[in-house]
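Working notes, beginning with the structure itself.
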């Protein structure tokens, strides 16, 4: 199923790129953005549609012919993947039609993200506990209704964090591949083979997408893809009860969103900037690093964090 997903992605991506070019669904770079990124104007966006639809359909169709079936865990993950992808698609569509980077108003986007987080909490609550596992100390704590706050924060924060990471060619998709690998291992350790299979399908879909998203990118995932991936990894961490390890494994995403929060907060108070530009990857570009160097270094950090999270998860 994984190889089928990869082959389908490699076959359909050129046609999708041509079609998006034809209907002029291209990226519009921010006026205040880096000058080196202006040349990316017009590059097709919404590429996330491919790596959402392909693994989702492969898994659903495959569930009729393989041992990997749809259960509550995989349903929640797929609904999060597709649901947040729909929110991102609405945002992308507004941006493309209006030819600016405004998209959905932040309040409207947050409202939709929040509604989905609440839905997934109650779906999950029907079949699982409100316990969380604390790595290193190897203790389990029942958060009761405070678990709702944790889940709400996980989904809203992670989707925005992954969205902010999608700023350089191959950065977001590459980081997500790295971050998802430990969760495959956790799923196998827990005997949740359906979940492990679904995660692997997404990984292989992203690998197919990366062939066309590596520098210089022929296509971008857009909010369609980044919000979907944020929802996916949050749902995966929730069903595998690895909520704490999500912070460690996905710390590159955390650092990106924190850099924006710190920059905005500090600037409002002092009218000075801590970073040359936020999110964090742009800061390093402003320091003179090439786009490829930033992506490579971030991936190296991502691998270290993934290994650390994996070690903590199996201790």
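In this note's numbering, the protein residues as written are 5 to 319.
Backbone N, C-alpha and C fix where the C-beta goes; we use that ideal spot for every residue, glycine too.
Quantities reported herein were computed from a predicted structural model and do not represent experimental measurements.
Residues near residue i in its chain [Cβ-Cβ closer than 8 Å; skip 5 each side]
i: residue 263; result: 279, 282, 283, 284, 287
i: residue 1; result: Absent from the structure is residue 1, since the part of the chain shown begins at 5 and ends at 319.
i: residue 243; result: 77, 80, 81, 128, 132, 196, 199
i: residue 86; result: 56, 60, 232
i: residue 318; result: 189, 193
i: residue 316; result: 139, 140, 249, 252
i: residue 276; result: 270
Contacting residues, own chain, Cβ-Cβ under 7 Å from residue i (five flanking each side not counted)
i: residue 220; result: 173
i: residue 95; result: 107, 108, 113, 227
i: residue 58; result: 9, 12, 13, 209
i: residue 53; result: 228
i: residue 147; result: 134, 136, 154
i: residue 231; result: 88, 89, 91, 92, 163, 167
i: residue 203; result: 184, 187, 188, 191, 240
i: residue 73; result: 67, 198
i: residue 205; result: 5, 6, 9, 59, 62, 63
i: residue 302; result: 175, 179, 256, 285
Span of the beta strand (DSSP E), counted from its first residue to its last, around residue i
i: residue 144; result: 143-146
i: residue 136; result: 135-138
Residue i: first and last residue of the uninterrupted alpha helix (DSSP H) it sits in
i: residue 22; result: 6-26
i: residue 98; result: 76-102
i: residue 49; result: Segment: none, residue 49 is in no alpha helix (DSSP H) and carries neither H nor E.
i: residue 130; result: Where residue 130 is concerned, there is no enclosing alpha helix (DSSP H), given that its DSSP letter is neither H nor E.
i: residue 297; result: 295-318
i: residue 235; result: 226-243
i: residue 154; result: 150-169
i: residue 108; result: That residue, residue 108, is in no alpha helix (DSSP H); it is neither H nor E in DSSP.
Cβ neighbour criterion (16 or more within 10 Å) applied to residue i
i: residue 117; result: buried
i: residue 63; result: buried
i: residue 4; result: Residue 4 is absent from the structure shown; the chain starts at 5 and stops at 319.
i: residue 267; result: buried
i: residue 294; result: exposed
i: residue 50; result: buried
i: residue 290; result: exposed
i: residue 47; result: buried
i: residue 65; result: exposed
i: residue 322; result: In the structure as shown, the chain starts at 5 and stops at 319, and residue 322 therefore has no counterpart that could be examined.
i: residue 217; result: buried
i: residue 102; result: exposed
i: residue 299; result: buried
i: residue 308; result: exposed
i: residue 70; result: exposed
i: residue 313; result: buried
i: residue 143; result: exposed
i: residue 265; result: exposed
i: residue 223; result: buried
i: residue 233; result: buried
i: residue 249; result: buried
i: residue 29; result: buried
i: residue 235; result: buried
i: residue 171; result: buried
i: residue 84; result: buried
i: residue 145; result: exposed
i: residue 111; result: exposed
i: residue 306; result: buried
Cβ neighbours of residue i in the same chain (closer than 6 Å, five flanking residues each side left out)
i: residue 55; result: 209, 210, 213
i: residue 238; result: 158, 159, 162
i: residue 125; result: 152, 155
i: residue 270; result: 278
i: residue 257; result: 165, 166, 169
i: residue 19; result: none
i: residue 296; result: 219
i: residue 207; result: 181, 184
i: residue 24; result: 48
8 Å Cβ cutoff, residue i in contact with chain B
i: residue 180; result: Checking the listed chains, one finds no chain B in this structure; it contains a single protein chain.
_Three-pair Cβ contact test at 8 Å for the segment 132-148 versus the segment 174-182_ = no
*Whole alpha helix (DSSP H) runs in the segment 258-292 with 4 or more residues, listed along the chain?*
284-290
_Which runs of the alpha helix (DSSP H) at least 4 residues long sit entirely within the segment 171-224? Give them in chain order._
175-193, 197-217
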